[in-house]
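Participant: Below is a structure I'd like to ask you about.
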Amino acid sequence: MNSDLIKKYLEGNTTQAENREIYRWIKQSPENEKDFENLRRLYDITLWQDVSFPDTSEQKRTVIRKRRLSILA
874 MNSDLIKKYL EGNTTQAENR EIYRWIKQSP ENEKDFENLR RLYDITLWQD
924 VSFPDTSEQK RTVIRKRRLS ILA
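Right, here's the structure in full:
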């Protein structure tokens, strides 16, 4: 199976005919199904790598400093 077509499928950009082609390929063998699942997992991981999470470490330090100052006051 063409990996570009699988990527296109995972991105949701395939036609119905392409979807049928992928479904047929997956059902042809357990190995194909396993390969597809591995590619899907890799795709999911790459999506999470693009997600940025805010850096809260500075915010936490500020809160801790304020709490310390309020205790000392």
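Each residue of the sequence shown is one higher than the one before, starting from 874 at the first, in my numbering.
Heads up, the beta-carbon is just placed ideally off N, CA and C, and yes, glycines get one too.
Note that the structure is predicted; figures quoted are calculated from it, not measured.
On the three-pair Cβ rule with 8 Å, is the region 931 to 943 touching the region 901 to 913?
Facilitator: At 8 Å Cβ cutoff, the stretches do not touch.
Participant: Report the rounded CA-to-CA distance for residue 876 versus residue 914, giving the unit in angstroms.
Facilitator: Approximately 14 Å between the Cα atoms of the pair.
Participant: How far does the alpha helix (DSSP H) with residue 910 in it extend, from its first residue to its last?
Facilitator: Element bounds for residue 910: 903 to 922.
Participant: What separation, rounded to the nearest whole angstrom, lies between the Cα atoms of residue 896 and residue 933?
Facilitator: Going from the Cα of residue 896 to the Cα of residue 933 covers about 49 Å.
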